[in-house]
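**Student:** Questions regarding the structure given below will be posed in turn.
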Amino acid sequence: MKNSFALVYTFLPFFFFLLVLVSSDVIQDSCDKAAKGNGNINYDFCVASLEENPKSKTVTRVEDLLPISVDIAISNATRISSIISKLLKNKNLENYTRMCLEDCSELYSYAGSSLQCASHSIESKAYRAANLAISAALDDSNTCEKGFKDKEGLVSPLSKENNDFFQLTAIPLAFASMLQ
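Sequence positions in the sequence shown follow this note's numbering and run 430 to 609.
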């Protein structure tokens, strides 16, 4: 009996290591396909964003990555909403900038709701519906950025956040397309 436990404890780390290797391959392969299918997705950004999430350590197929990637995008939308709230507390903001930030706040609220709908659609394997909801969220970051660009000389304080969010929504969009 002692030998059985010793054997289990000896090979348990090895099996965990193999599982991590498999999940890393799934992430890399899925991100490679996503980046090749969509020029807006940066392979390294895709891999890094997924590998940061502890849930991705046990994935074995792209279907496992889809809900994780949507959760990452939801968290990012929430974080951006917090950034916008902090920016809006600045009493010295120019009116046009304030108006753009208020629009972006509303857009990211919509994006979060769209991604929640996508998450529910994924749970029921309704990938086409998930695709539509993710697409709606993806457009919100572009609309936010465009608002600032409409005024000549105005630089968006959210350019990096909008770009990151765009990629973080393009990734699950690509994964959902792979599953249709």
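Glycine included, C-beta positions come from ideal geometry on N, C-alpha and C. Note that this is a predicted model, so its numbers are computed, not measured.
Between the Cα of Gln596 and those of Cys529, Ser498, Ser511, spot the shortest distance and give me the residue it belongs to.
**Tutor:** Cα-wise, what sits closest to Gln596 is Ser498.
**Student:** Might you give, ordered along the chain, the residues of its own chain that have their beta carbon closer than 7 Å to the beta carbon of Ala463, omitting 5 neighbours on each side?
**Tutor:** If we look at Ala463 and ignore the five residues flanking it on each side, its Cβ neighbours are Ile470, Cys475, Ile600, Ala603, Phe604.
**Student:** Residues in the same chain with beta-carbon distance under 7 Å from Ser459, minus the five sequence neighbours each way, listed in chain order, please.
**Tutor:** Here the set comprises Val491, Leu494, Phe604.
**Student:** Among the candidates Ile503, Lys589, Val455, whose CA atom is the shortest distance from the CA of Ser538?
**Tutor:** Of Ile503, Lys589, Val455, the residue nearest in Cα terms is Ile503.
**Student:** Measure the alpha-carbon distance for Asp532 versus Cys573 and round it to whole angstroms.
**Tutor:** Asp532 and Cys573: Cα-Cα distance of roughly 7 Å.
**Student:** Figure out for me which residue from Tyr556, Ser606, Ile509 has the closest Cα to the Cα of Ser588.
**Tutor:** Among Tyr556, Ser606, Ile509, the Cα nearest to that of Ser588 is on Ile509.
**Student:** Quick check on this structure: which residue in Gly582, Ser606, Thr526, Lys575 has the alpha carbon closest to the alpha carbon of Asn592?
**Tutor:** Nearest of Gly582, Ser606, Thr526, Lys575 to Asn592, Cα basis: Lys575.
**Student:** Going by other Cβ atoms of all chains shown within 10 Å of its Cβ, with 16 needed for buried, is Gly466 buried or exposed?
**Tutor:** Exposed: under 16 other Cβ atoms inside 10 Å.
**Student:** When the Cα atoms are used, what is the spatial distance from Leu561 to Ile501?
**Tutor:** Cα to Cα, the separation comes out at about 18 Å.
**Student:** Let me know if Gly582 comes out buried or exposed under the rule of 16 or more other beta-carbons within 10 Å of its beta-carbon.
**Tutor:** Exposed is the call here.
**Student:** Could you check where the alpha helix (DSSP H) with Ala605 kicks off and where it finishes?
**Tutor:** Ala605 -> alpha helix (DSSP H) spans 588-608.
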